[in-house]
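Numbering (this note's numbering), first residue to last: 15 to 888. A virtual CB, placed ideally from N, CA and C, is assigned to each residue, including glycine. Keep in mind the model is a prediction, meaning the values are calculated, not measured. The next block holds one structure in the form of C-alpha cells; read it before the comments.
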Ligand code: SER
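As C-alpha cells, then:
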C-alpha cells in the first residue's frame with residue numbers, strides 16, 4: 015500500500031466510525047504562544063480537551079503535519095541515524111472530545127490494524143504497552159481484544175519524575191495530558207533491538223506505531239493534575255512508520271515517499287544514492303524546511319526562524335560532507351512537490367517561494383562559512399597551547415553560525431582540541447538567556463482563559479449592550495475592577511472587534527451609570543473577547559450591564575484599509591502572478607501594510623498598475639458581500655485562504671467587485687468599494703528573502719497624503735518663482751545654470767591659484783642653501799592645495815614646501831619636496847611632524863604628502879616644522 019493510500023484508508027475508516035475529517039492545521043500553532051511548532055495531531059484541539067472550545071462534532075480524524083525540531087518533543091539530532099526519527103512527519107489521528115474513551119479507542123485501533131478489510135497486520139507481530147497503573151486498559155487489551163499477556167508491557171514513570179513516562183503523554187509542561195497505550199510492531203529477529211521496557215528498546219526491531227492517549231488531566235505549572243471536564247481520546251500514528259510496516263521495509267527511509275526524495279537528494283548533491291546517514295538527513299530536512307516555509311516561517315536569528323535556519327544549515331553541512339559543490343538543497347523541492355503536492359496544495363502553490371528562500375539561505379550560509387574560517391584562522395594564529403577555548407568555539411557558533419562539528423574537524427586536522435566544557439558552559443548560559451527572552455515554554459494555564467463565549471455584534475454597528483462575564487487583573491480573575499485600575503473585561507456580547515486577520519482590535523468605551531471603562535485594545539482568547547483598558551470612573555463588577563461604544567472614526571478608517579488590502583491582494587496576483595501569497599498584514603486606521611511572496615522589487619510601472627486596478631475597482635463601487643458557509647464550499651468558490659490561519663467549521667467569505675476578490679475573512683469592511691475613496695501606495699520594500707512589503711493609504715489619509723505632496727510642490731514652485739505647470743522647466747533651468755556657474759567657478763579658482771602661486775613663490779626663504787616655503791592659505795581644500803604645491807615646485811625648481819590652512823574649522827596640510835631633494839627630505843616625514851602639531855594624521859610619498867588636524871590654533875606651529883626639518887639636517 016502506498017503512503018497516500020494508507021492516509022486515505024485511515025481517514026475513511028474513522029469517518030465510517032462517525033468521525034469528522036478535519037484538515038491539518040498549520041505548523042505554526044494558532045493562538046498558542048506556548049508551542050514552537052505543531053508537534054502532534056491534538057494541538058489544534060487543545061481547547062476542545064480543556065472544555066474551552068465547543069465544535070459541531072465530538073469525534074474527529076486528521077492527518078496532521080508535525081515538526082519535532084525544538085521545544086519539548088525534539089528529534090533533530092536523531093534524524094538520519096535511526097530508522098524512524100524525522101524533523102517532519104505526518105501524524106494520523108482520531109480524537110474524542112468527551113465522547114468515547116478507552117474501550118472504543120482500543121477496539122478501533124485494533125480493528126483498523128488487524129482486520130482484513132483494512133490493514134490486515136499479523137496480530138502476533140503487535141506488542142502493546144500501557145501505563146503501569148492503568149489496569150483498565152490492560153484488561154481491555156488482554157480480555158476483550160485478546161492480546162496475550164506475554165506481549166503486554168506495563169511501563170511506569172521511567173523518566174525520573176512522577177508522570178514522566180513513555181506511557182504518560184503531555185504536549186508540554188502544562189496543559190492537557192494523560193496515560194497512554196502504545197502499539198508496537200515487531201520488525202523481526204534479523205533487526206537489532208528489544209521489546210519496549212527492555213534495555214535494548216532503542217533498537218529498530220520493535221517500533222512504536224500508534225499511541226492512544228487517554229486525555230484525562232490538565233497539568234498546571236505547580237505540577238498538579240486537574241481532571242478534565244470529560245475524559246477524551248487523542249491518538250497518533252506516524253504515517254511514515256506504518257508505511258514501512260505495510261511496505262515490508264525496516265526503515266522509514268525505504269518507503270515509497272522517501273525513495274524519490276533520497277534519489278533527488280543524491281542527484282542534487284552529485285553523490286551515490288547509498289545508505290549514508292547524511293543523505294537521509296538531507297531527504298528528511300527538505301520536508302520540514304519546505305513545509306515550514308510554506309506555512310510562513312522564514313530563516314532568522316530567533317524563535318521559529320532560528321530553528322528553521324538551523325535545520326537548513328544542518329542539511330547544507332551534510333550535503334557538503336557528501337561532496338556537494340555550490341548550492342543544492344533548493345533543487346530537491348521539485349521532487350517533494352511531486353511526491354506530496356497532491357495532499358498538500360500549499361507546496362504546489364509556493365514551490366517557487368520555497369526554492370528562492372532556501373537558495374538565498376544556502377548562499378548566505380556559504381558566506382558565513384567563509385567568514386567563520388577567516389575568524390578561526392585569526393584566533394588560531396594567536397593561540398597558545400593546543401586547546402581552542404570554549405568562548406572562541408561559541409563565538410563562531412553563535413555569532414557566525416559556524417557549526418561546532420566543523421570547528422572540530424579543523425581542530426583535528428591541526429592536532430588541536432576543543433574546550434568542550436567551556437563551550438557547554440557558554441551554551442548553557444545562552445539557553446538560559448533564550449528561555450527568559452522567549453514566550454515558548456511559558457505556562458499555558460497562565461494565559462487568560464474564560465469559560466463561555468462572547469457573541470460578536472460588531473458587523474452590524476459600533477454600539478451595543480453587553481453584560482460583564484468576567485474580569486481580570488494581572489492575568490488573575492477578579493470580581494471587580496476599581497476606578498483607575500487597568501485590566502481586562504469580558505462581555506457576553508460586544509460590538510468590539512478583537513484583533514485578528516491583521517486588523518487591529520477596536521478601542522472605545524464601556525459605560526454604565528457612573529461607570530466608564532476606556533477600552534484601548536481588544537484581543538481574543540478562545541471564544542472570548544478581551545477588552546483591555548482602564549477604569550476611568552466608577553467600579554466595574556461582574557454581571558454589570560454596559561453600553562459598549564467603539565470609536566467609530568477609527569473603526570471606519572480601519573475598515574477602508576482592510577477592504578483595500580483585499581483589493582490589493584487580488585491586484586497583485588493579476589499583475590505579478592499566482593505565486594503571490596500573503597505573508598502578513600497589518601491594518602489600522604492610518605494605513606495598511608501587506609507582506610507577500612515575490613522575488614524582486616516591484617517596478618514603478620507595476621506599482622502604478624496596481625494602483626490603477628485598485629482605484630478602478632473602487633470607482634465601480636460594487637457592494638462588499640459576505641456569506642457564511644462551510645470551508646469546502648468556500649474553497650470551491652475560489653476563496654483565498656491563508657495557510658497558518660485557523661478556520662472554524664463555518665467560515666465567512668468576503669467578495670468584492672463581483673468575484674474580483676474572494677477571501678475568507680472575519681474582518682470589518684466597507685459597505686461598498688466606493689467608500690474607500692482613493693488608494694495610494696506610499697512605499698514598497700523588501701522584508702526578507704522573497705518577501706516584499708507594500709504600504710498604502712486610503713480615504714481621508716490618502717487625500718491628506720496627496721495634499722501634503724501638493725503643498726511641497728507649491729512650496730518648491732514658489733521658491734523657483736514659478737507655478738506647478740512649469741516647475742520641471744524651471745528646475746531644469748536652475749540646474750543648468752548651476753552647472754555653468756560651477757564650471758566658471760572652477761576656472762576662476764584655477765586662475766586665482768596660479769596668480770597666488772606667483773606671489774607665493776616670492777615668499778620662499780633660503781635655509782642652509784635649501785629653498786623653504788611654508789605658508790598659511792585658508793579656505794582651500796586639499797585638492798586645491800595639491801595643485802598649488804605642484805605649481806610651486808615647478809616655479810621654484812628646487813624646494814621644500816608646506817602649505818596649510820583652515821577649512822570648515824579643520825586644518826588642511828599639503829607638503830611637497832622637489833625630486834632633487836627627496837633623498838634628504840621626505841614630504842611624508844614632514845607631514846607626520848606637521849600634523850602631529852595640530853593633533854591629526856597624514857602621510858604620503860617622498861615628493862608629495864597630505865594630511866590634516868583639528869587644532870587650528872596651532873597651525874603656525876605646524877608650518878614651522880618645514881624650516882625646522884631643513885635646519886635639523888644641516
Ligand atoms: N499526542 C500523542 C502523540 O503525539 C498521540 O497523538 O504521541
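(Q) With the cut-off set at 7 Å, would you say residue 559 and residue 481 are in Cβ contact? (A) yes
Measuring from the CB of residue 56, is there a heavy atom of the ligand SER at a distance below 6 Å?
yes
task = Say whether the stretch 331-351 touches the stretch 580-591, bearing in mind that this needs 3 or more beta-carbon pairs closer than 8 Å, one atom from each stretch.
result = no
- Task: Could you check which residue in 833, 575, 142 and 829 has the C-alpha nearest to that of residue 714?
- Result: 575
Checklist entry - Looking only at C-alpha atoms, which of 626, 824 and 858 sits nearest to residue 831? => result 858
- Task: Identify which residue in 442, 400 and 423 has its Cα closest to the Cα of residue 408.
- Result: 442
**Asked** Which runs of the alpha helix (DSSP H) spanning at least 4 residues fall entirely within the stretch 97-129, listed in chain order?
**Response** 116-128
query: Closest by CA to residue 295, which one among 307, 320, 315 and 330?
result: 330
Reducing DSSP to helix, strand and coil, say where residue 546 ends up. strand
Do residue 287 and residue 280 count as a contact pair if the criterion is CB distance below 7 Å?
yes
Check whether residue 525 and residue 561 have beta carbons under 7 Å apart
yes
* N-terminal and C-terminal residue of the beta strand (DSSP E) that residue 618 is part of -> Looking at the DSSP string, residue 618 is not in any beta strand (DSSP E); the run it does join, the alpha helix (DSSP H), is 618-634.
Distance check for residue 595 and residue 610, CA to CA, integer angstroms please.
5 Å
*Mind checking whether the beta-carbon of residue 88 lies closer than 6 Å to any heavy atom of the ligand SER?*
no
Under the three-state DSSP convention, the category residue 148 falls into: coil
Checklist entry - Do residue 543 and residue 468 have their C-beta atoms within less than 7 Å of each other? => result yes
- To the nearest whole angstrom, what separates the beta carbons of residue 798 and residue 765, a pair I think is in contact under 8 Å? Residue 798 to residue 765, Cβ: 12 Å. No contact.
Where does the unbroken beta strand (DSSP E) through residue 41 begin, and where does it stop? Counting along the chain, residue 41 falls outside any beta strand (DSSP E), and DSSP gives it neither H nor E.
Residue range of the unbroken beta strand (DSSP E) whose run includes residue 316
Where residue 316 is concerned, there is no enclosing beta strand (DSSP E), given that its DSSP letter is neither H nor E.
In its own chain, which residues sit with a C-beta less than 8 Å from the C-beta of residue 700, not counting the 5 before and 5 after it?
-> 615, 706 and 707
Please report the Cβ distance between residue 867 and residue 825, rounded to the nearest whole angstrom; I am assuming they are in contact, meaning their Cβ atoms lie under 8 Å. 4 Å
Check: Applying the criterion that 16 or more other CB atoms from any shown protein chain within 10 Å of the CB defines a buried residue, is residue 517 buried or exposed?
Finding: buried
| query | Are residue 535 and residue 572 closer than 7 Å when you measure CB to CB? | reply | no
Next on the checklist: Does residue 76 pass the burial test, meaning 16 or more other C-beta atoms within 10 Å, or should it be called exposed?
Outcome noted: buried
Since residue 360 sits in a beta bridge, which residues does DSSP pair it with? Per DSSP, none; premise fails for residue 360.
- prompt: In the DSSP assignment, what are the bridge partners of residue 194?
  reply: 227
- Message: Does residue 24 come out as helix, strand or coil in the three-state DSSP assignment?
- Response: helix
Exercise. Are the Cβ atoms of residue 174 and residue 105 separated by less than 7 Å?
Worked result: no
#### Entry: Straight-line Cα distance separating residue 214 from residue 158
30 Å
Exercise for review: State whether the stretch 219-231 contacts the stretch 153-171, with contact taken as three or more CB pairs (one from each stretch) at a distance under 8 Å.
Suggested key: no
Practice prompt. Evaluate residue 757 with the Cβ neighbour count: other Cβ atoms within 10 Å of its Cβ, from every protein chain shown; 16 or more gives buried, anything less gives exposed.
Written response: exposed
Backbone secondary structure at residue 594 - three-state DSSP: coil
ask   = Of all the beta strand (DSSP E) runs that stay within the bounds of the stretch 538-588, which reach a length of 3 or more residues?
value = 542-549 and 559-564
Rounded to whole angstroms, what is the Cα-Cα separation between residue 53 and residue 608? 29 Å
Problem - Reduced DSSP category for residue 604 - H, G, I as helix; E, B as strand; rest coil - result: coil
* Where does residue 752 sit, in a helix, a strand or coil, going by DSSP? -> helix
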